[in-house]
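One structure below.
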Amino acid sequence: MSQDLQDRLDAWQARQVSHLASFAPVAVRGRIQRVNGMLLQCRLPQARIGDLCKVDKYGDDSMLAEIIGFDHQDAVLSALGNLEGVQVGASVQRLGVPHRVRVGHELLGQVLDGFGRPIAGEGPGAFVDDADTKDATTVLCEAPLPTERPRIHQALATGVRSIDGLLTLGEGQRVGLFAGAGCGKTTLLAEIARNVECDVIVFGLIGERGRELREFLDHELDDQLRAKAVLVCATSDRSSMERARAAFTATALAEGFRRKGQRVLLLIDSLTRFARAQREIGLAAGEPLGRGGLPPSVYSLLPRLVERAGLTREGVITAIYTVLIEQDS
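Numbering of the sequence shown is given in UniProt numbering, commencing with residue 1 and proceeding in unit increments.
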């Protein structure tokens, strides 16, 4: 083959490659066929459970939803935001990725919503909705294998004398803080956070009133504490899906820091409000009520949440979960 012919073939190949690079991938779309509570039903090709979707609203607005099941040939989506503006026939685009978050030290000091997006619109946030990001952490994932968990051997100094002297915590331990309403569970968590010996603190504040969250940010978090903390907040006015997901988002962020070799303290306030939010989701999905007025999904999700904390060969997550004691308990 002559050199001239080879050059012409190389030039032709380069042109074809440039043409291929200019093509945009085909977006898989469907249409809303039914709305029932917080659940959406649509015919969506290539749908997979756990995938995120973008649902168009009236005007130029949109919202995120997650595929949670199927009804014959239709996909069932759970809305991750308010449904105002959604109508039958609205376009649904499958993003092709599950709910993921990006973990890095740029998150320290930020206040995020239940999905990992910055509440005030400041900072990069942690939420990831594109398939090109490779270093993201999946929010709903499996716990470490039991064979990969070293035994707890190191005490954790909390700076609270009654705990360190009588109820000593270990690094990688999971603890429940049980008390009635107004007994100071959140105040105790803040006291531990200010004095504990760790690298990163992840707060998961679920179902708090907006006023209480503002007071917590102003009075309990000083500059030194906030510099090594990430806050995931879903107040009581947010959707049940966001309130339930906030606990998993906070856990996923803690896992991301643990993989970087950090000593992480995970504070979830409260596990009771997480269970109540999941109860709303289960009732909307048609689940029967079981023991204690809770659907079966609550009992299956609780171990999936708390088992992800603990000690691994890479790092450690020490977790404290507050539990509200009812008056008739």
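C-beta atoms are modelled at their ideal positions from N, C-alpha and C, and glycine is treated no differently.
For clarity, every value in this text was computed on a predicted model and none was experimentally measured.
When the five nearest sequence neighbours on each side are left out, the beta carbons in the same chain lying within less than 6 Å of the beta carbon of G180 are those of I325, in order along the chain. K185 carries a helical assignment under DSSP once its states are collapsed to helix, strand and coil. An exposed status is given to S162, since fewer than 16 other beta-carbon atoms sit within 10 Å of its beta-carbon.
Closest option to V86, judged by alpha-carbon separation, among Q46, R48, C42: C42. Annotated three-state conformation of N82 is coil, per DSSP. Within the UniProt domain "AAA+ ATPase" (171 to 326), the beta strand (DSSP E) runs of at least 3 residues that lie entirely inside it are, in chain order, 174 to 179, 200 to 206, 229 to 234, 263 to 269, 316 to 324.
Of all C-beta pairs linking the stretch 203 to 222 to the stretch 268 to 275, three or more are shorter than 8 Å, placing the two stretches in contact.
In the DSSP annotation of this structure, L95 is not part of any beta strand (DSSP E), being labelled neither H nor E. Of all alpha-carbon atoms in A252, R15, Q154, the one lying nearest the alpha-carbon of I201 is that of A252. Note on Q154: under 16 other CB atoms within 10 angstroms of its CB, so exposed under the neighbour-count rule.
Around the beta-carbon of R34, fewer than 16 other beta-carbon atoms lie within 10 Å, marking it exposed. Annotation: L289 to Q110 spans about 38 Å, alpha carbon to alpha carbon. When secondary structure is reduced to three states using DSSP, L107 falls in the helix class. By the neighbour-count definition (other C-beta atoms within 10 Å, threshold 16), P144 is a buried residue. With a cutoff of 8 Å on beta-carbon distance, E314 and G261 are scored as near each other. Annotated as proximal: D129 and V97, with beta-carbon spacing under 8 Å. With fewer than 16 other Cβ atoms inside 10 Å of its own Cβ, G89 counts as exposed. Spatial neighbours of L95 in its own chain (CB-CB distance under 8 Å, excluding positions within 5 residues in sequence) are listed in chain order as D51, L52, C53, K54, D129, D130, A131.
The shortest C-alpha to C-alpha distance from I119 to any of T168, G59, L213 is the one to L213.
For R273, same chain residues with a beta-carbon under 6 Å away, outside a window of 5 residues either side, are I206, G207 in chain order. In the structure shown, G30 falls within a strand segment according to DSSP collapsed to helix, strand and coil.
The criterion of a C-beta distance shorter than 8 Å is not satisfied by A284 and L107. If you draw a straight line from the Cα of L167 to the Cα of A157, it is about 11 Å long. Counted as a single uninterrupted DSSP element, the alpha helix (DSSP H) harbouring D164 occupies residues 161 to 166. The closest CA to that of I192, considering only D218, E215, E287, A229, is found on A229.
Between T147 and E255 the beta-carbon gap is near 18 Å, outside 8 Å, which marks them as no contact. For L5, the number of other beta carbons within 10 angstroms of its own is below 16, and it is reported as exposed.
Shown here, A11 sits in a helix according to DSSP, grouped into three states. One Cα belongs to E280, the other to S240, and the distance between them is close to 6 Å.
Residue state for V17 is assigned as helix, using DSSP reduced to three classes. With distances taken between CA atoms, R259 lies nearest to T312 out of G116, T312, L80, I32.
Residues of the same chain with a CB within less than 8 Å of the CB of D222, apart from the 5 flanking positions on each side, are R194 in chain order. Around the beta-carbon of Y58, fewer than 16 other beta-carbon atoms lie within 10 Å, marking it exposed.
Of the candidates V139, L169, P150, the residue whose Cα lies closest to the Cα of L301 is V139. Where C42 is concerned, the enclosing beta strand (DSSP E) starts and stops at 39 to 43.
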